[in-house]
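Visitor: Just so we're aligned: the sequence shown equals residues 336 to 631 in our numbering. Virtual Cβ for every residue (Gly too), placed ideally from N, Cα, C.
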Amino acid sequence: MVKVTELGYIGLHVSNAQGWKDYARDCVGLEVLDEGEHDLFYLRMDNWHHRFAMHVGEQDDIAYMGWRVGDSEDLTDMEDKLQAAGIAYRVASIEETAERRVLGLLKLQDPAGVPTEIFYGPQIDMHMPFYPGRRMHGRFVTGGNGLGHCLISGGDVKAMYDFYKLLGLSGSIEYHLGTPGGVVKPVFMHCNDRQHSIAFGVPGEKLLNHMMLEYTDMNDLGVSHDAVRQRQIPVALQLGKHANDQALTFYSASPSGWLMELGWGGCIPPSQQQYHLLDVFGHAPEVSGIGLDVQL
Ligand code: MBD
Ligand code: FE
């Protein structure tokens with residue numbers, strides 16, 4: 336049975352284009368690629384044409400998530416699987432496929448309402464190696480592990496699990512967490528050696544609660560942390576180490592309001608599921624009301 340292999344690209348609605356370009360370069364280390372399209376620019380983290388398509392407008396939330404499969408036969412198999420499960424989708428037009436810079440593309444929606452794309456064949460620009468937005472000790476963790484992970488708010492948790500299971504991800508509830516509104520039980524799912532590519536089950540106003548990007552070198556996490564602190568960007572959760580993916584991370588406000596989790600040191604998924612009540616250390620709450628008021 337065909338499975339998605341990675342979270343390949345993401346589209347974001349952003350209202351503050353210049354704020355995002357500065358933040359992406361200076362705080363995160365991403366490469367900004369502006370090809371002169373009036374309402375669209377890109378962020379790169381490796382040799383892909385882009386990992387992030389930044390759609391400039393009024394809103395600030397996720398626009399779509401792109402999940403990769405191996406080749407055109409896998410994409411056809413995915414169509415068969417969606418049809419058998421009664422999930423509505425459409426095959427993207429030639430123009431839409433070209434716009435995403437992929438060879439083949441299906442469009443559907445997840446149960447939370449996130450526009451979901453399944454594609455094969457991304458454009459990889461080997462003539463244009465990744466050029467970080469600021470000096471870097473290492474690189475971003477990508478390769479076969481995708482760009483990072485997203486925590487999506489909304490959608491019935493069982494329906495979300497069933498949908499992403501159908502796409503080929505695996506996982507379970509990995510925490511029972513205390514919040515001001517009661518205990519939440521977020522689900523974490525993986526499709527490659529990244530411990531999770533998507534999580535859900537935490538309430539929120541935007542579809543996107545946070546996105547996590549991972550460095551290969553801990554020094555780059557430290558440089559990012561300094562940059563965020565120097566700019567006095569609000570930090571929701573201070574540096575700490577997650578119990579499930581073992582990553583050292585912190586959460587601060589992106590220019591869109593949703594949180595950016597920057598990290599280092601994530602591990603592979605467990606061979607058998609387990610759950611946690613608290614993290615290993617840290618992740619102390621600092622600024623509340625900006626997206627993640629959980630006791631980690
Ligand atoms: C994560 O990446 C995360 O965002 C939370 C809330 C818990 C464990 C791992
Ligand atoms: Fe996370």
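1. Spell out the partners DSSP gives residue 485 in its beta bridges.
2. May I have the straight-line CA-CA distance separating residue 463 from residue 630, to the nearest angstrom?
3. DSSP three-state call for residue 566: helix, strand or coil?
4. Check whether the Cβ of residue 547 lies closer than 7 Å to any heavy atom of the ligand FE, and answer yes or no.
5. Would you decide whether residue 602 is buried or exposed? Buried here means 16 or more other CB atoms lie within 10 Å of its CB.
6. Please report the distance separating the alpha-carbon of residue 567 from that of residue 548.
7. Quick check on residue 356: buried or exposed, where buried means 16 or more other Cβ atoms within 10 Å of its Cβ?
8. Among residues of its own chain, excluding the 5 on either side of residue 589, which ones have a beta-carbon nearer than 6 Å to its beta-carbon?
9. Compute the Euclidean distance between the alpha carbons of residue 515 and residue 393, then round it to the nearest angstrom.
10. Is the closest heavy atom of the ligand FE to the C-beta of residue 560 under 7 Å?
11. With DSSP as the reference, label residue 287 as helix, strand or coil.
12. DSSP state of residue 444, grouped into three classes?
13. Taking only the alpha-carbon atoms, compute the straight-line gap between residue 496 and residue 443 and give it to the nearest angstrom.
14. Could you pull out every residue in the same chain whose Cβ sits closer than 7 Å to the Cβ of residue 526, ignoring the five residues on either side in sequence?
15. Taking residue 378 as part of the beta strand (DSSP E), name the residues at either end of that continuous run.
16. Return yes when at least one heavy atom of the ligand FE lies under 7 Å from the C-beta of residue 619, else no.
17. Would you call the segment 467 to 483 in contact with the segment 373 to 389, where contact means no fewer than 3 C-beta pairs closer than 8 Å?
18. Alpha carbon to alpha carbon, what distance is there between residue 488 and residue 576?
19. Here's a check: name, in chain order, each residue in its chain whose Cβ is nearer than 6 Å to the Cβ of residue 541, leaving out the five neighbours to either side.
20. In three-state terms, what does DSSP make of residue 429?
21. Inspect the beta-carbon positions of residue 451 and residue 445 and report whether they are closer than 8 Å.
22. Helix, strand or coil for residue 364? Go by DSSP, reduced to three states.
23. Judging by CA-CA distance, which residue of 606, 508 and 365 is the nearest neighbour of residue 550?
24. Can we count residue 486 as close to the ligand FE, meaning its CB is less than 7 Å from some heavy atom?
25. Could you pull out every unbroken alpha helix (DSSP H) segment of at least 4 residues lying fully inside the segment 382 to 436, listed in chain order?
26. For residue 374, which residues from the same chain have a beta carbon less than 7 Å from its beta carbon, with the 5 sequence-adjacent residues on both sides left out?
Guide: Let's see:
1. Counting from one through the sequence shown, the residue named residue 485 turns up at place 150. Per DSSP, 533 and 546.
2. On the sequence shown, residue 463 is found 128 positions in, with the first residue counted as 1. On the sequence shown, residue 630 is found 295 positions in, with the first residue counted as 1. Distance between the alpha carbons of residue 463 and residue 630: 43 Å.
3. As a first step, residue 566 must be located in the sequence shown, where it is residue number 231. Residue state, collapsed to three classes: coil.
4. The count along the sequence shown starts at 1 and reaches residue 547 at position 212. For the ligand FE, at least one heavy atom lies less than 7 Å from the Cβ of residue 547.
5. Counted from its first residue, the sequence shown places residue 602 at position 267. It counts as exposed.
6. Here residue 567 is taken as the residue at index 232 of the sequence shown, counted from 1. Here residue 548 is taken as the residue at index 213 of the sequence shown, counted from 1. When rounded, the distance between both Cα atoms is 20 Å.
7. Residue mapping note: residue 356 aligns to position 21 of the sequence shown, counting from 1. Its Cβ being crowded by 16 or more others within 10 Å, residue 356 is buried.
8. In the sequence shown, counting from the first residue as 1, residue 589 sits at position 254. Hits under 6 Å: 595.
9. By 1-based counting over the sequence shown, the position of residue 515 is 180. By 1-based counting over the sequence shown, the position of residue 393 is 58. Answer to the nearest angstrom: the Cα atoms are 30 Å apart.
10. Position 225 of the sequence shown, counting from 1, holds the residue named residue 560. Flag unset: Cβ of residue 560 not near the ligand FE.
11. No information on residue 287 is available, as it lies outside the stretch 336 to 631 that the chain covers here.
12. Position 109 of the sequence shown, counting from 1, holds the residue named residue 444. Looking at residue 444 - three-state DSSP - the assignment turns out to be strand.
13. Within the sequence shown, residue 496 is the residue found at index 161, counting from 1. Within the sequence shown, residue 443 is the residue found at index 108, counting from 1. Going from the Cα of residue 496 to the Cα of residue 443 covers about 16 Å.
14. For the purposes of this step, residue 526 is taken as residue 191 along the sequence shown, with counting starting at 1. 338, 339, 340, 341, 503, 504 and 532, listed in sequence order.
15. Counted from its first residue, the sequence shown places residue 378 at position 43. Start and end: 375 to 379.
16. Walking along the sequence shown from the start, residue 619 turns up at place 284. No, the beta carbon of residue 619 sits no closer than 7 Å to any heavy atom of the ligand FE.
17. yes
18. Working through the sequence shown from its first residue, we reach residue 576 at position 241. Working through the sequence shown from its first residue, we reach residue 488 at position 153. Distance between the alpha carbons of residue 576 and residue 488 is about 22 Å.
19. If you number the sequence shown from 1, residue 541 lands on position 206. Cβ within range, chain order: 396 and 593.
20. In the sequence shown, residue 429 corresponds to position 94, counting from 1. Note: residue 429 maps to helix in three-state DSSP.
21. Counting from one through the sequence shown, the residue named residue 451 turns up at place 116. Counting from one through the sequence shown, the residue named residue 445 turns up at place 110. In contact: residue 451 and residue 445 (Cβ atoms closer than 8 Å).
22. Within the sequence shown, numbered from 1, the residue matching residue 364 stands at position 29. Coil, per DSSP.
23. Locating residue 550 in the sequence shown gives position 215, counting from the first residue. Per the Cα distances, 365.
24. By one-based count along the sequence shown, residue 486 stands at place 151. At least one heavy atom of the ligand FE is nearer than 7 Å to the Cβ of residue 486, so yes.
25. 407 to 420 and 429 to 434
26. Along the sequence shown, read from residue 1 onward, the residue named residue 374 stands at position 39. For residue 374, where only same-chain residues beyond five positions count, the Cβ hits under 7 Å are 390, 391 and 392.
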